[in-house]
Amino acid sequence: MIQRIQTLYLLIVTALMAVTLFVPLAWFAGDAGEFGLYAFALKTAEGEAVQPAVYMGVVLALACALPLVTIFLFRRRLLQIRLCVVEIVLLLGGVVMEGVYYFLSWRVFSDLAFHTQGFRPAIALPLVCLLFAYLAARAIFRDELLVRAADRIR
Numbered sequence: 001m002i003q004r005i006q007t008l009y010l011l012i013v014t015a016l017m018a019v020t021l022f023v024p025l026a027w028f029a030g031d032a033g034e035f036g037l038y039a040f041a042l043k044t045a046e047g048e049a050v051q052p053a054v055y056m057g058v059v060l061a062l063a064c065a066l067p068l069v070t071i072f073l074f075r076r077r078l079l080q081i082r083l084c085v086v087e088i089v090l091l092l093g094g095v096v097m098e099g100v101y102y103f104l105s106w107r108v109f110s111d112l113a114f115h116t117q118g119f120r121p122a123i124a125l126p127l128v129c130l131l132f133a134y135l136a137a138r139a140i141f142r143d144e145l146l147v148r149a150a151d152r153i154r
């Protein structure tokens, strides 16, 4: 059983970021066919990579792995707080990278006579994860304050 709420928050961040790694973030359609923007590439409907997005994929993969590592450092709360801050920075970087690669992918199709594009719900998951990473950092900080108060009483 999970005894600390921050563990649940960090598990939610890990799960949502894992979803972000494997589902399409945006779609583009035009004369050339339908394409999907994934974490590591812009792919055709058949799954063939058209334009790499490796940097975005690496940032999102790191943002997926870091909360899982943070969970197992439960004895080192100050390090956990720092890693939560790093996670927040990675998530913000992931959001920026999603915007950059969406714009770059849009530019590929903008010169076609007919094109349309849109977002998939998964593109907003790093923003949701920002909230949970903040809540986890706050809960870890509260635990640290409780431990310090208990040490002071003895």
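Residue numbering for the sequence shown follows UniProt numbering, starting at 1 and increasing by one per position. Positions of the beta carbon are idealized from the N, C-alpha and C atoms, including for glycine. All figures in this text were calculated on a predicted structure; none of them were measured in a lab.
- Boundaries for Val-23: no alpha helix (DSSP H) harbours it, and the DSSP string shows neither H nor E there.
- A check of alpha carbon separations from Gln-51 across Tyr-9, Arg-75, Trp-106 identifies Trp-106 as the nearest.
- The beta carbon of Leu-78 sits closer than 8 Å to those of Glu-144, all from its chain and outside the five residues before and after it, given in chain order.
- In this chain, the alpha helix (DSSP H) harbouring Gly-93 covers 77-109.
- Residue state for Leu-112 is assigned as coil, using DSSP reduced to three classes.
- Within its own chain, the residues whose Cβ lies closer than 7 Å to the Cβ of Leu-10, once the five positions on either side in sequence are excluded, are Pro-67, Thr-70, Ile-71, Ala-136, listed in chain order.
- Going by beta carbons, Phe-119 and Gly-30 fall outside the 8 Å limit.
- DSSP places Ala-49 inside the beta strand (DSSP E), whose first and last residues are 49-52.
- Inter-residue distance for Val-95 and Tyr-101 is about 10 Å (C-alpha atoms, whole angstroms).
- Assigned with DSSP and collapsed to three states, Leu-37 falls in strand.
- Rounded to the nearest whole angstrom, the C-alpha separation of Val-147 and Ala-15 is 29 Å.
- Looking at the DSSP output, Leu-60 bridges to nothing.
- Within a 10 Å sphere around the beta-carbon of Glu-98 sit 16 or more other beta-carbons, which makes this residue buried.
- Under the three-state reduction of DSSP output, Gln-6 falls in the helix class.
- Taking a 10 Å sphere around the C-beta of Leu-25, we find 16 or more other C-beta atoms and assign the residue as buried.
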